[in-house]
Each structure stands twice: as C-alpha cells, then as structure tokens.
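Below is one structure, written out as structure tokens, with a few remarks after it.
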Amino acid sequence: AKKRAKPCSLREVEVTVSQLGLGYVSDETIVFHYCSGKCTTSRKNYDLTLAFMKRSRLLTKYEKDKARHSPCCRPTAYEEDISFLDNFNKYHTIQEFSAKAC
Amino acid sequence: AKKRAKPCSLREVEVTVSQLGLGYVSDETIVFHYCSGKCTTSRKNYDLTLAFMKRSRLLTKYEKDKARHSPCCRPTAYEEDISFLDNFNKYHTIQEFSAKAC
Amino acid sequence: GLYFPQRVYTESIYVGQLQGSQVLQVHSMRENPTERPYFTLCSHRDTYASWFHMDEATGVLSMNKTLEWSDFSSIRSSLVRPVKDLNLKVGVSSVPMQKALCPFLPTVEVKFMFINDTAPSCGQVELKTLCFPDKVSNPHITENRMPGALRQLRRFTHMNICPNYTISYAVEAVSPAPFAVDGSTSELVVTAPVDREESEVYHLDLVCMIRTEEKLEKFFSSLHVNIYDEDDNPPYMNGTDTEDIKIEFNRSEGTVYGTLFVYDRDTTPVYPTDLIQNKLVGTLTTNDSWIRNTTTIEHKFREEKAIFGNVRGTVHEYKLKLSQNLSVTEQRSFQLDYLVNDTTFPGPEGTVLLHFNVTILPVPIHFSNITYFFTVSLKATTYSQIGSVCVDNCLKFKGIDVTYQLEIADRNISADAQSCYWAVGLAQKPNEKTGVLYVNDTEVLRRPQCQELQYVVIAEEQQNKFQAMTQLVVIFEGEADLMRLDEQRVLPCAEKRQRGECEASRGLGAPTGRCQWRQGRDKGISKKYSTCSPDLGTCPDAYCDAIESKNISICPQDCSSQPIIGGYERDLYGIKAGHGTCYCFSGKCFCEKDELEVFPICDDVCK
Amino acid sequence: TFLHEVVLSMASHFALSGLETQGWRAPMDCLRASEVCNQNSQCSSRFRIMRQCLVGRDRTTMLGNRECQAALEVLQDSPLYDCRCKRGMKRELQCLQSYWSIHMGEELYETSPYEPMHLSDEFRLASIISGKPCNPCLDAAKACNLNDTCKKQRTALMATCSSATPIQQVHEPCNRKRCHRGLRQFFDRVQTEFSYPLLFCSCRDKACAERRRQTIMPACSYEEKTKPNCLELRRTCRSDPLCRSRLADFHMNCQTTPHSITSCPNDNYHGCLVSYVGLIGSDVTPNYVDASHTNITISPWCGCRGSGNHEAECEAFLRDFRENTCLRNAIQAFGYGTDAGLVPITESQSAVPSVQTNLQPAIITKHVINS
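Residue numbers (my numbering), protein chains in the order written: chain A, 9 to 110; chain B, 9 to 110; chain C, 8 to 614; chain D, 94 to 464.
Right under this line is the structure:
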C-alpha cells in the first residue's frame, strides 16, 4: 500500500555549513531543522471554497495559478541565529535558517 | 514581455453562497477574499537552504517531496463569521471562510 | 640612597641547623662613599622571625636557635608539603634604627624553604649543591655607582656538610667585566662604576672549586647582572633641529605636520606611570596668543635598541598639531620654538630647542574659469548621475566645508521655460567634497525646449560664507525611449536576477536608460557577485553615495542595511560580497546561486 | 608589601595560640566573614579603621600609624583573615572586594582569593576524547552547535565581538570592553564540557590551531593597535578586584612547580585550566600567539618595551604565560587526554626559570681535575 503521508512536523538533519548551499565554506557541523509532511487535517472553509471556485472557473486563469487552496507545511517560528567560523577563519552569522516549529 | 507575477496579496470576488460549493443553496451575494501571488521576496535562509538540500539529495526522496522550500501565499487572518438566509428560509453561519490578510 | 641588588633571597634550611650558624647574607649597594648600611629584620611579628638574628652591619642572618623537628610542625601552611616557606623581610637604612621604622624602609624578601629533614650527609650530598642553590636570581646594580659587594657566593647552610672540603669561588666573563670575587669573604664584588649605556647586562660565569681529599672539582654557573639605568644622558638631536611646514588645503583640527626627532641614550619607563625618570618636558617659547591657541606640539616616544648600539634608548618624536580648524583666509608665517627639557638630567645641557618654520597659505574658493558641459542621454532615467562639480583643489580640502547649489542662469525666462530646470538636481552628502548632478525629472525632457539647460553653480564656503560661481550647461541628446507608456515604468534594476531581464528593463538611476548586468565568476562568496545595476561605474562600489542614499531602490547593493538572505559579507552597509547572484526588493536583498532560476519555484508540490 | 607579610605572619602566631577552637577560624567566604565581623563591635570598629587606613593618600605612612597596626592585630583574629571566595558564587565581586580590603600588599605574586580546586573528574571526562578525530577543534565546534546553550551563547558572543553595526555609524573595529564581558558570560554560562574543548583541543595542523586561536575572537578581545607594557597592564588589572583575583588565581594554580610530575601545584591540571579560563575576558586576556600546532605559546597582549629598570620583572611576568610548563602540560593533557602517554615536560628539563621571583635554574656544568 502507498506509504501514508506523515503529518506536517519538525525534522532534522546534521550537515556541514558548506552543505547548506549558502556559499559559506566551513566544515563545522550544525543541525538543520525543517518542516515536512501533509497539512490536510488543518484545512478550513476557506480552503474548501477556494478549491471549489478554482475547479468551477470562477477565478481567472492567472489568479488560479497563484492561489493555494491547502495549507503548506511551513515553519511558524525559526531558531535563534547561528554563528560559525568558516575555513578562512572568519566568523559569520546566519539568521532564520533553521525551523523551530511547524 | 512575460507578465510579471504580482506579489502575494488579498483579492476578492463577488459570488452567491451557492457558488461557494459548501452545499448551501442561497442566492445571497457575498464577497469572498482570498490570497494570491508570488512570495519569493519573503523567502528566508531556510528556503534557500532547503531548496539546495533537496537538489543536492541530502534529504530522503520521501522527505524531499513533503518539504516546501518557498513561502506560500496563504491567509494570515480570517474575516469574522458570515451569516445568511438560504432559499429554504433557514439561517446559517460559516466560520473562517474569507481571508482578511495574506 | 642604599638599594638592594636583588628583590628576593631564597635558601633551603634543614632541621638541625645549629644555633649561631650563618644561613644567608643580604647585601645593600651604596650610592655615595659616606653611606653605610644598617640592616634590620622587619618581620618581628612572625614567630619564626625570632629564630633568626640579623647582623646589623654585615647583613648576615644567623640562627638564634637550633632548628628542631617540632619547629617544622609549628609552621602553619594550608598545603601538606615536606617543605614549608619561612618568609622574612629585611630592611636597610643608612642610620641605625628600630623595627618601628620598617614600613618606611626599602625592604627585601628573604624566603627560607624549611625542609622537614636534616641536612644530607657528606656522602649523600651532590657536590654541586655545596656550591650553588637550585635557583639563582639575577642581581642588578645601578650604573655610575660605587664599587661594592653584591652577593655572597657561599651557601652558608651547606658549607659545613663536608667540613674537610675547601670551597672557593672565582668569576669569569667572556668580555671584560668589572667583577671579581673577594677571596676572603667569597663575595661577588663589582670593582668599578659601570655605564649602562655601554652594557645593560653582564653575563658572568661563576666558578666553584671544591678540593676534596683526592681531587679538585670545578662547577660553573652562569649569572646575569642587570645594570639599572639612571638619567645620566642629555637629549640630543641628530642632524636638523628645524622643520619647514606648509599648511594649505589640510586645515582641520587634529592634523599633524612635520616631525623632529630627539634622541636620548637613557631609557624612558612607561611604567610605573607616576615615575618621572627621563621624561622630556616641552614648552612653547612664544607667547603669541594666536599661535598658542591654534597650534600645539604632539610628543610621542618609543624605546629603540639598534640605533643605540644594541642598548635600550629612547627616540622622541615632535610634530606640529592644529588645535582648531584654520579659516581659509588665514595667511601667516612664523617660527615656533619649542624647548625640550630633560627634567631629571642633572647637567646643564639637559635641553634642546626645536624650530618649526610654519607657512600658512590662504585657500581661494573659486572655480577655475571653466563652464561645465554635461551631455545626458534622453533615455536616462530619474536619479541618473550626470557628473560632479567641485571648486579648485576641493578633493584636497580637509577642515574646509564647501556646499554647492544649482540655480537657473537666466532668471527672466518664462515660467514654462523655468519648469524645464526641474530636470536636473544637485545632491551632496554631509562632509562630502563634491556636489553630484543627477536627473531629477524625466517628464520635462520630452519637451524640445528643455533639452539644453543653462545653470549657475554656486559654491559656498561655510565658515566665512565665501562664494564662487560658474556656468553649467546640460545638454540632453539622442532619442527618448520609444517604449509604450505602461512599459515606461521605471523599476529598480536590483530586482532583476538574470542578464536578459536586466538589460531589457529601464531601471531607476540608469544613465543609458537600461540596467547593466555584472556577471560574477567566482564559486563561493565573492566581491564580484552577479547583479543588475543602473550604472556599474557607481553601483555596486561599497559606498552609498549622495544620490544612492536618496532612494533605496537606486542601489540597494550599496545602501541596504537589512539582513541579507543567503551567503554574504557586509561592512557597514550594502553587500560587500555575495554568493552567486544578489538581487533586492526594496532594500531586502538575497544572494543565491543562479541555478535556482532554472529550478521552478513552484513545482507540482506547491500547488 | 610589608603589611601583607604582617598579615600572613600574624596568622601563624594566632593559629598557634589555639584560637581556631573559637570557631571563628573555619575558612568561610569573605562576604559571610564581613558579616560576622560586623556583628562583633570590636571587629567592626577595627575594620572601619582599617578601611580608613587604606583610603589615606600615603598608605605607607598610614600603615606605620599605631592605630592601623592595632586594627590589623584584631582583624588577624577575625574570620576575615582566612576567608576565601568561590568561583561563580553569588555576589562574587563583593566577596573579592572584601578579600582585597584586607590583603592589600602588592606582591610580585599575590595569594588567590579563590578556594583551592581539587582534581575533578569533570576534567578527565572532558579531556578524554572518543577516538582520534582528525580535527578535534572542529568536533568541539560541532558539539557546541548541537548544544542549545553553547550555540546560543556562541552566537551572542559573535554578535558582541564583531565590528560595529550600522547604528553605531563609526566603523570602530569593535567594543573591546563589551566583548570581554561577552567572553566572561560565555565561559560562565556554557558547561566546561563544551567550552573547554573549543579552547584546549589538540591540533595536528595549522588550520586546526588557527581555529583554536580564533575561539575568543582575538581581533576584538585580544589584539590592539599598540601593545601596552605588561607591568602597566598588570597595574590596570590589579586596580579591578575581579581581574586582580583572576590573575592571582592564575599565578597560584599555574605556577610552574619544581619536583612535581606535572609541573603543576598539587599536580592539578584542572585547577590551572580553570584559572586560565578565569583570565579570559579580563584586561589580561591571554591567547595563543600563533597558529603553531607543534609548539603552544600563550601570552597576554603586552610587551616589555619601556619597562626601564623593571625589564626583568616585566619579562618574568611574560614568562609566566609564554614559557609556563604547567600551563602547557595542562593544555596538552586536556587536548590529548591524560592517558595519552604524553610524558609532561617537568620543570627541571625545561630551561625555564620558575615562576616565583624570576629565579632561573642554575645551569651547572662540571669539570674534574684529579689532583
């Protein structure tokens, strides 16, 4: 059977700063928290209405593309900034990069 | 030139209650506010990092699918409840169906 | 007066040290022939102090009692150790005195390491310990002083361990040194006054000879005698004592001019700060109040060795310093004499006189007889930089504040014609030296009569309100952009993330009407990040200039102060270095690798 | 200096006379001791006199005054004499101020106001590093990043010690005093299990050693445009009770001790490291002078130029850091683990004078002539 999608929740992965892909070169290891999973359980009347109206072409083609009719699994809060020393011995700080709650 | 995507903002459309697709039958007309548009300008380091990690296969296939690496255009608040008289002269109220802010 | 040649004496003593036996000798150096040291034991409060007797004349400490095992356990010590420290204090005075005066005397620490054991027997003892203690502290003597004994070389507490051996001392030195050993007392003696400026330290080799029944053994131990300095050298100059100074464009308070060096072979201690040894004090010899109010002499000194024959000396630097801004009109010449006095040098020649020949030139505020001509493309958008205006030598000005203004040359033209002059504006950041011209309104440029504008630039020096004027002509040429009106909307170039999009759009502050793309090459975070700019000549250049600071959308790469998303480096403002492509939306900037543009922002997941 | 000796010697005299039995002499913290003294009319009045004795301009003349000496005699008998302070205790600064109000002699090396430290397991634990990592300093950074407190404090430290933010307009390199406070806060709040490895990790290459050197953010907390004279630095430090206490503590716990295996007092590496870290964030903040991974050299930011006749004393002060066998062994023991089979350099092997009173080992060579 198809794997039942887990609800939207906080996940973590240990990576080096270089692996974040932000351009910093540092072998320091940090924990990256992110949000993943489905949000169907937290839909509202708004979502139902919007989904219906998109299907029944009450919205212009263009509007339709850019309107989301289901909640997204996204961070609701971010961890404090994190500082690290890069491989050129310069300190940097990254703001709002790791999720604290979803 | 390609039409520039408008940033995420509040839109509105006038519909009858029946057209909401919630099953109510009423010819009363109401205004439905919804959120639509692009959110690239409100991305954070989190989004850049998650996008990069998804691309560089640091997340499992399953995790990758369910993690969103850019903000969604979604309501941040809903209008007060709305009440109406249906075609069978019964009053109804719908909660959290129209967006107040995005 | 009298001084001790070392700060601390240390020696080990054992249980069984006999009453009356000598344990250590303290020395004091004399400063003049008449002086005679009187030693006293100042630690009368310590119980164990009473175990010792101080010979007032010779400085020899001997035992008042024989040391017992119980004496060792009576000494209180926080740590359980086989050795306990007995700390005594010895004072010296040039007159006999009682203990009460101790707080006012120079004193020296005497530390006995009381060992919880009897002295080793002759068979057990290492011979060298009969000669020298484990630890040797380096003595010091002051230069130019009397000869005299500075240290007892014998180890009194170990002398009688082998009564049949004879122990004698000698001293050797690689280079000639005025030191000898007194054969009868085994004291190390300095035989003549020494001059620190000749040698700061003497490296001696102490030789200890032990004659046993069968053989003669020699032991060597090195000793460094440090020579203390006193102010016995006057300051002197090497070469010129006069400095010619011309003050012209740099007239701001705090500016320093010229340098005169004064040398002194003595050291100048920076510590302790209240000690005034060898401090040079300077005085302006002129009483001209203008000179006194306007100028001062800055004096710094540093210790040098090489130039004084590898002996520490002092190099003093004297510079003329403005103590207030000079008006542009100020014009005068004067000689400023500065008397430098070595206050602690006893002799008469302790002073040198420095001469500063100062010429202050006025600074005219005028435009050399030029008319500014600027041509601007009709395609230029609002805030495009046209050029800059500046009076003669303005870039060299310091402490001279000149502001610029633009006015219509011919006041009598019609109101309609006057409205053309809205086209060009002039901006200047506080303490910036030039005025920057920029396109202020592009709408009026559509009218043919507005395409050649005659201005007058007025420069005003703020302190004296001097003014200078010159003509300025701005000619708008070429054709305007033939884009449809809705497309003519001018957007910040910085929002564009790709070359195509960038070079196709009309950006704010773009002299050509089009944004310019800069392609970065480096992999990581680099100063040469890719970005879209209105004018690559001024943006990004890590400086938020007068025009850019008028509107954040012109060049957020230089002016943004918000946190940047993605990999970046920043000094105070803007993006000093960025990762991949940097782009901004009203001051909020992102720096990310450009492959992201290929990656669809909104794939099926986000629907 | 005279008074200090009097204080020390008086103690032994009273100790002998069995005053301990009165229960005043069990060592208590100096705050408590001041309270006890203030509750006793005789002690509190003498204590007030003592304070006036110290405030007088010419201290030596004041101390020669009969009344001051009498006040001192009583205070010998009070708990104030033996009192100590605990590191990180509440109102630590007031405790230290009380201590120094009665121990005011200015010695070459002062007695530490802090309670002696015992060898702690914590040291062995922190120092035993699992496996042989290729870059222990990087692993220390990882451990810190994975610990919430350490991560937060390290980011706060970085923000405090980095250059001025736009609001400050002026582009001064940084606020050194604020950075020092940040460093003290970091080492006070982060468990040693995370903070010590950042400082004392062992390195096999230059990059690792440079990372270790960067731990205290030296560009702001350590380096300065000019180097002050070390004795001037010591004087500034001793005018601040906290700095004075930490310096005395360092001298006492890291003093190169002859005839000991580790060259440390009571062979206690941990005591030396704790007192070394106690100095970080003070006027005499020490740091690695370079990124050498083979030979550790630690020094405060000061020099001996301009010492005049005090050059020997100045160089002795510098040697207490730069050529301190106990400190070097303690760091290496921590970094390589105490069981790393590294035989510590003992005092006599190193041609380095002992810390005490700038004595140096008598380099004695022997020559025999058979008669």
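We put the beta carbon where it would ideally sit given N, CA and C, even for glycine.
Quick one: residues in its chain with C-beta nearer than 8 Å to the C-beta of C/K600, no 5 flanking neighbours on either side, listed in chain order? The beta carbon of C/K600 sits closer than 8 Å to the beta carbons of H586, G587, T588 from its chain, once the five residues preceding and following it are set aside; these are given in chain order.
C/W524 (DSSP reduced to helix, strand or coil): C/W524: strand per DSSP, three-state reduction.
Whose C-alpha, out of C/G66, C/F597, C/D565, is nearest the C-alpha of C/D578? When each option's Cα is compared against that of C/D578, the closest is C/D565.
Residues in its own chain within less than 6 Å of C/N94 by CB, not counting five upstream and five downstream? Excluding residues within five positions, the ones whose Cβ falls inside 6 Å are K118.
Spell out whether any CB of chain B is found under 8 Å from the CB atom of A/K52. Yes - at least one Cβ of chain B is within 8 Å of the one on A/K52.
Compare the C-beta of C/P241 against all C-beta atoms of chain D and say whether one is closer than 8 Å. No, C/P241 does not count as interfacial toward chain D.
Between D/D298, D/L231, D/S127, which has its C-alpha nearest D/T387's C-alpha? Restricting attention to D/D298, D/L231, D/S127, the CA atom closest to the CA of D/T387 is found in D/D298.
Does any residue of chain D bring its CB to less than 8 Å from the CB of C/E75? Contacts with chain D at 8 Å (Cβ-Cβ) do not include C/E75.
In the DSSP assignment, what are the bridge partners of B/S17? DSSP output for B/S17 lists B/S44 as bridge partner(s).
Beta carbon of C/S193, beta carbon of C/R161: below 8 Å? Taking 8 Å as the Cβ cut-off, C/S193 and C/R161 qualify as a contacting pair.
Does A/F96 pass the burial test, meaning 16 or more other C-beta atoms within 10 Å, or should it be called exposed? A/F96 comes out exposed.
Just how far apart, CA to CA, sit C/T173 and C/L223? Rounded to the nearest whole angstrom, the CA to CA distance from C/T173 to C/L223 is 9 Å.
Cβ atoms of C/N257 and C/G354: under 8 Å apart, would you say? At a Cβ-Cβ threshold of 8 Å, C/G354 and C/N257 do not count as neighbours.
Beta-carbon within less than 6 Å of C/R506's beta-carbon, same chain only, minus the 5 sequence neighbours each way: which residues are those? Correct list, in chain order: W524.
Against chain D, does A/L66 count as a neighbour if the rule is that its beta carbon must be under 8 Å from one of theirs? When Cβ-Cβ separations below 8 Å define contact, A/L66 makes no contact with chain D.
Three or more C-beta pairs closer than 8 Å, one from the segment 170 to 178 of chain D and one from the segment 125 to 136 of chain D: is that the case here? Under the three-pair Cβ rule at 8 Å, the segment 170 to 178 of chain D counts as touching the segment 125 to 136 of chain D.
Within chain A, partners of D/S255 - CB distance below 7 Å: In chain order: Y99.
Is DSSP giving C/N233 helix, strand or coil here? If DSSP states are grouped into helix, strand and coil, C/N233 belongs with the strands.
Within the 8 Å Cβ cut-off, does A/V33 reach chain D? Taking Cβ atoms only, chain D never reaches closer than 8 Å to A/V33, which makes this a no.
Return the chain-ordered ranges of every beta strand (DSSP E) run that is complete within the segment 19 to 104 of chain B and spans a minimum of 3 residues. Those beta strand (DSSP E) runs which fall completely within the segment 19 to 104 of chain B and span 3+ residues are 37 to 44, 90 to 93, 99 to 102.
Run of the beta strand (DSSP E) containing C/D349, from where it starts to where it stops: That run of the beta strand (DSSP E) goes 339 to 349.
Is the CB of C/G531 under 8 Å away from at least one CB in chain A? Cβ-Cβ to chain A under 8 Å: yes for C/G531.
Please confirm if the segment 20 to 36 of chain B is in contact with the segment 51 to 61 of chain B, defined as three or more CB-CB distances below 8 Å between the two stretches. No contact exists between the segment 20 to 36 of chain B and the segment 51 to 61 of chain B.
Anything in the segment 588 to 601 of chain C with a Cβ closer than 9 Å to a Cβ of chain A? List those residues in chain order, please. Going along the segment 588 to 601 of chain C in chain order, one finds C598, E599, K600 with a Cβ nearer than 9 Å to chain A.
Three CB pairs or more closer than 8 Å across the segment 119 to 128 of chain C and the segment 74 to 82 of chain C: The segment 119 to 128 of chain C makes contact with the segment 74 to 82 of chain C; the number of CB pairs closer than 8 Å reaches 3 or more.
Assuming C/Q338 and C/P369 make a contact with CB atoms under 8 Å, what is their CB distance in whole Å? Right, their Cβ atoms sit about 4 Å apart.
Check the Cβ of B/T111 against every Cβ in chain C and list those closer than 8 Å, keeping chain order. Because chain B spans 9 through 110 in this model, residue 111 of chain B falls outside it and cannot be assessed.
Using a Cβ cut-off of 8 Å (strictly closer), state whether A/K10 contacts chain C. The pLDDT assigned to A/K10 is 49, lower than 50, so where the model puts this residue is not dependable; a value taken from the coordinates is nonetheless given after this. The beta-carbon of A/K10 is placed no less than 8 Å from the nearest beta-carbon of chain C.
How would you list, in chain order, the residues of chain A whose beta-carbon sits under 7 Å from the beta-carbon of C/P570? By Cβ distance, chain A contributes Q103.
Classify C/L402 as helix, strand or coil using the three-state DSSP reduction. DSSP places C/L402 in helix when its eight states are reduced to three.
Distance, Cα to Cα, B/F92 vs B/C80? Spanning the two alpha carbons is a distance of roughly 31 Å.
Tell me which residue opens and which closes the alpha helix (DSSP H) that D/I424 is part of. D/I424 -> alpha helix (DSSP H) spans 418 to 429.
With distance defined between alpha-carbon atoms, name the residue in D/M143, D/Q425, D/D232 nearest to D/Y362. For D/Y362, the nearest C-alpha among the options comes from D/Q425.
I'd like to know if A/E36 contacts chain D, where contact means its C-beta is closer than 8 Å to some C-beta of that chain. Yes, contact with chain D.
Which residues mark the beginning and the end of the alpha helix (DSSP H) in which C/M166 is found? It spans 163 to 166 - the alpha helix (DSSP H) in which C/M166 sits, taken as one unbroken run.
By DSSP, does C/Y390 sit in helix, in strand, or in coil? In the structure shown, C/Y390 falls within a coil segment according to DSSP collapsed to helix, strand and coil.
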